[in-house]
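**Q** For what it's worth, the numbering used here labels the leading residue of the sequence shown as 911, then goes sequentially.
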Amino acid sequence: MLALSYYGVLALRGGDGVGLSLPEPFYVLAVAFLFVVELLKSRHKGLVALVRAGLFAAVFGVLVVLGVEGVVALVEAPGAALDGYAGATVLSIALVLAALGYFTYHSVIQFDRRKRIGG
């Protein structure tokens, strides 16, 4: 998703004023779906669950919107990923960022768990 989002950002920044590939209500529906799924699967209750679901929907909602735009941009101009092996570079950076995000998320959870247990 990060790699596709990169191409989505390029498409929106360098676009010819066309706008979004899909109508906005479809993107709002995707973000709402992410919010509900995270809220329902959350182990937490109350404000913690709402904040967590909101952050999840915001972060992954942006990735979904930009990812869809990136897919459309690459379908229309596949050379963008092939010129100078840009696709491999973008994928490499996205892989490292995803790994850092995953590591950070689990480190915070583990720290929080140790803090609650007291050890």
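Even glycine gets a Cβ: it sits at the ideal position worked out from N, Cα and C.
Computed from a predicted model, the values in this text were never measured in an experiment.
Helix, strand or coil: how does DSSP classify HIS1016 here?
**A** Counting from 1 along the sequence shown, the entry for residue 1016 is found at position 106. In the structure shown, HIS1016 sits in a helix (DSSP, three-state: H, G or I).
**Q** In whole angstroms, what separates the C-alpha of LEU922 from that of GLU979?
**A** In the sequence shown, residue 922 corresponds to position 12, counting from 1. In the sequence shown, residue 979 corresponds to position 69, counting from 1. Distance between the alpha carbons of LEU922 and GLU979 is about 8 Å.
**Q** Is ALA940 helix, strand or coil by DSSP?
**A** Here residue 940 corresponds to residue number 30 of the sequence shown, with the count starting at 1. ALA940 falls in the helix class under three-state DSSP.
**Q** Taking its Cβ as the centre, do 16 or more other Cβ atoms sit within 10 Å of PHE945, making it buried, or is it exposed?
**A** The residue labelled residue 945 in the question sits at position 35 within the sequence shown. By the neighbour-count rule (16 or more Cβ atoms within 10 Å), PHE945 is buried.
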